[in-house]
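Residue numbers (the working numbering): 1482 to 1802.
(1) State buried or exposed for residue 1774, treating a residue as buried only when at least 16 other CB atoms are found within 10 Å of its CB.
(2) Have a look at the DSSP bridge pairing and note the partners of residue 1794.
(3) Could you check whether the stretch 1734 to 1745 touches the stretch 1693 to 1702, counting it as contact only if at least three pairs of C-beta atoms, one from each stretch, sit closer than 8 Å?
(4) Keeping to the same chain, check which residues put their C-beta closer than 6 Å to that of residue 1538; ignore five residues upstream and five downstream.
(5) Quick one: what does DSSP say residue 1801 is sitting in, helix, strand or coil?
(6) Keeping to the same chain, check which residues put their C-beta closer than 7 Å to that of residue 1715; ignore five residues upstream and five downstream.
(7) On the CB-based measure, 16 or more other CB atoms within 10 Å of its CB, does residue 1757 come out buried or exposed?
(8) Taking 9 Å as the cut-off, decide whether the C-beta atoms of residue 1617 and residue 1637 are in contact.
(9) Looking at the structure shown, is residue 1443 part of a helix, part of a strand, or coil, going by DSSP?
(10) Is residue 1539 helix, strand or coil when you go by DSSP?
(11) Is the separation between the beta-carbon of residue 1669 and that of residue 1641 shorter than 9 Å?
(12) Write down the C-beta distance between residue 1594 and residue 1622 rounded to the nearest angstrom, noting that I regard them as a contact closer than 8 Å.
(13) How long is the line joining the alpha carbons of residue 1624 and residue 1750, rounded to whole angstroms?
(14) What are the partner residues of residue 1731, as DSSP defines its beta bridges?
(15) Provide the residue span of the alpha helix (DSSP H) that contains residue 1641, from first to last.
(16) Using only alpha-carbon positions, find the residue among 1797, 1793, 1722, 1752 that is nearest to residue 1766.
(17) Measure from the alpha carbon of residue 1514 to the alpha carbon of each residue in 1524, 1794, 1502, then state which is nearest.
(18) Do residue 1671 and residue 1663 come within 9 Å of each other at the CB atom, strictly closer than that value?
(19) From the DSSP output, which residues share a beta bridge with residue 1703?
(20) Does the Cβ of residue 1791 have 16 or more other Cβ atoms within 10 Å, making it buried, or fewer, making it exposed?
(21) CA-CA distance, residue 1495 and residue 1519?
(22) What distance in whole Å lies between the Cβ atoms of residue 1683 and residue 1689, which are believed to be in contact at a cut-off of 8 Å?
(23) Give the straight-line distance between the Cα atoms of residue 1744 and residue 1772, rounded to the nearest whole angstrom.
In structure tokens form, the structure reads like this:
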């Protein structure tokens, strides 16, 4: 693809290019609009540079899962449209660095249609009756078109109860970093992590299709992990895998280091576990809405001490001799 020198594009020109780009995507575009855009492009060399960059960015977006980012830029809602125009203009002036920032997880979270902050949870019901429960630090986008009902998990963890009120009978697809999930009338949880995606099927069945096109159907009561290379052999799922939707973390013989990592998902700051106590095992049911109380209770359960460097920095360490 031809490389466009974006360094010579001013903020004003980038904004004009973005406005023209969106105008020409609308259904009521006229021949006069196209002619006016051509005249604007021909009026200055930097106008053409900005326009070509807009086309290049839109092509990149069209290759993202389900064309979701591209559809986001085409948001017809007036407020969403203004936001999208500004976002595109920024990409036209920042080039490759801007594109990389746009695709970063923090940026996707900020653009997410539905999102939760650290320690928050949210319930959402879509038009087709599908119910979603978003766990802490989760972001997702939806796009329903004539072909499918698409949910893109940008980050975090969700529980999905599929709906049955879609008159078009379109398939429901959950897009993740490492592949797609196709529910077969079901309830399930899916957690996207840096290296893989964790799926737990609670009812019904879910078909997993990873980035390499490998397929496997996971039935109720089973769980699996998958990445772009492989889908792991399913194993029996713990009956409490969805307890987070009720504000509870159930653990059984979990390493303290792993427990600390899990609890850290629900609080702002840092939780460190010293190597000397990392392999201690912990079991029980713990309330996620008050992590301070959970950590304060640990010395009554295990031979550990809990130290606070600040209220946002907790260290779990061995008791002093």
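Don't be surprised by glycine CBs; every beta carbon is placed ideally from N, CA and C.
All of these numbers come straight from a predicted model, not from anything done at the bench.
On the basis of the data shown:
(1) In the chain shown, the residue the question calls residue 1774 occupies position 293. Residue 1774 should be labelled exposed.
(2) Translated into positions along the chain shown, residue 1794 becomes position 313. DSSP, once it has assigned bridges, lists 1751, 1791 as partnering residue 1794.
(3) no
(4) Within the chain shown, the letter at position 57 stands for residue 1538. Closer than 6 Å at Cβ, skipping near neighbours: 1572.
(5) As a first step, residue 1801 must be located in the chain shown, where it is residue number 320. Coil at residue 1801, not helix or strand.
(6) Taking the chain shown and counting its residues from 1, one reaches residue 1715 at position 234. The answer, listed in chain order, is 1699, 1703, 1704, 1705.
(7) Looking up residue 1757 in the chain shown gives position 276. So residue 1757 ends up on the exposed side.
(8) Along the chain shown, read from residue 1 onward, the residue named residue 1617 stands at position 136. Along the chain shown, read from residue 1 onward, the residue named residue 1637 stands at position 156. Contact: yes.
(9) Nothing in the structure corresponds to residue 1443, since the chain is present only between 1482 and 1802.
(10) Stepping through the chain shown from its first residue, residue 1539 is reached at position 58. Residue 1539 falls in the helix class under three-state DSSP.
(11) Taking the first residue of the chain shown as 1, we reach residue 1669 at position 188. Taking the first residue of the chain shown as 1, we reach residue 1641 at position 160. Going by C-beta atoms, residue 1669 is nearer than 9 Å to residue 1641.
(12) Along the chain shown, read from residue 1 onward, the residue named residue 1594 stands at position 113. Along the chain shown, read from residue 1 onward, the residue named residue 1622 stands at position 141. Confirmed, about 5 Å.
(13) Counting from 1 along the chain shown, the entry for residue 1624 is found at position 143. Counting from 1 along the chain shown, the entry for residue 1750 is found at position 269. Approximately 34 Å between the Cα atoms of the pair.
(14) Taking the first residue of the chain shown as position 1, residue 1731 is located at position 250. According to DSSP, which records beta bridges pairwise, residue 1731 is partnered with 1766.
(15) By one-based count along the chain shown, residue 1641 stands at place 160. Here residue 1641 belongs to no alpha helix (DSSP H); instead the beta strand (DSSP E) covers 1630 to 1642.
(16) Position 285 of the chain shown holds residue 1766. The residue with the shortest Cα to Cα distance from residue 1766 is 1722.
(17) Stepping through the chain shown from its first residue, residue 1514 is reached at position 33. The residue with the shortest Cα to Cα distance from residue 1514 is 1502.
(18) To locate residue 1663, count along the chain shown from 1; it is residue 182. To locate residue 1671, count along the chain shown from 1; it is residue 190. Going by C-beta atoms, residue 1663 is not nearer than 9 Å to residue 1671.
(19) The sequence position of residue 1703 within the chain shown is 222, counting from 1. BP columns for residue 1703 point to 1682, 1717.
(20) Here residue 1791 refers to the residue found at position 310 of the chain shown. Exposed, by the Cβ-count rule.
(21) Within the chain shown, numbered from 1, the residue matching residue 1495 stands at position 14. Within the chain shown, numbered from 1, the residue matching residue 1519 stands at position 38. If you take the alpha carbons of residue 1495 and residue 1519, they lie about 15 Å apart.
(22) Indexing the chain shown from 1 puts residue 1689 at position 208. Indexing the chain shown from 1 puts residue 1683 at position 202. Actually they do not touch by this definition, with Cβ atoms about 15 Å apart.
(23) Working through the chain shown from its first residue, we reach residue 1744 at position 263. Working through the chain shown from its first residue, we reach residue 1772 at position 291. Cα to Cα, residue 1744 sits roughly 7 Å from residue 1772.
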